[in-house]
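A.B. asks: Sharing a structure with you now.
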Amino acid sequence: LDEVDAALDESNIVRFAHVVKEFTENSQFIIITHNKRTMAIGDTLYGVTMEESGISKKVAVKLEEIEKQKGLVGQANKKKKEEQVQHMVGTEQSALQAG
């Protein structure tokens, strides 16, 4: 998915993240994005950096490994992220029903 979230506002980014998370139980996605919330739902981030002028370098970062390096338990933090997405979706739904 190439920057499918680019035109979305914050509340729709949350909805998009929730839908992608649901589908990842049975599917895999490659999402091209600049949105930090969208990046947060991924397992691995791939990118290109330029440490030296004119020389590109590919990088891959596994979010679970970063969490472990920070001293956090990977699974607990992953579950916490899922709960946060659920909470954000619930908050959005409540706001929509109230409005």
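If you read the sequence shown in my numbering, its first letter stands for residue 108, the second for the next number, and so on.
Don't be surprised by glycine CBs; every beta carbon is placed ideally from N, CA and C.
(1) Can you tell me whether I87 is buried or exposed, with buried defined as 16 or more other CB within 10 angstroms of its CB?
(2) Identify which residue in F136, L115, A167, A114 has its Cα closest to the Cα of T151.
(3) Just curious, the alpha helix (DSSP H) that K175 is in, first and last residue?
(4) Quick one, which of I162, N142, Q135, M157 has its alpha-carbon nearest S118's?
(5) Just checking: is the beta-carbon of Q135 within a distance shorter than 8 Å of some beta-carbon in chain C?
C.D. replies: By the coordinates alone:
(1) A question about residue 87 goes unanswered here, because the residues of the chain that appear run from 108 up to 206.
(2) Walking along the sequence shown from the start, residue 151 turns up at place 44. The shortest CA-to-CA distance from T151 to any of F136, L115, A167, A114 is the one to A167.
(3) The residue given as residue 175 occupies position 68 in the sequence shown. Segment 170-176, the alpha helix (DSSP H) holding K175.
(4) The residue labelled residue 118 in the question sits at position 11 within the sequence shown. Taking only the C-alpha atoms, the option nearest S118 is N142.
(5) Looking at the structure shown, chain C is missing, and only one protein chain is on hand.
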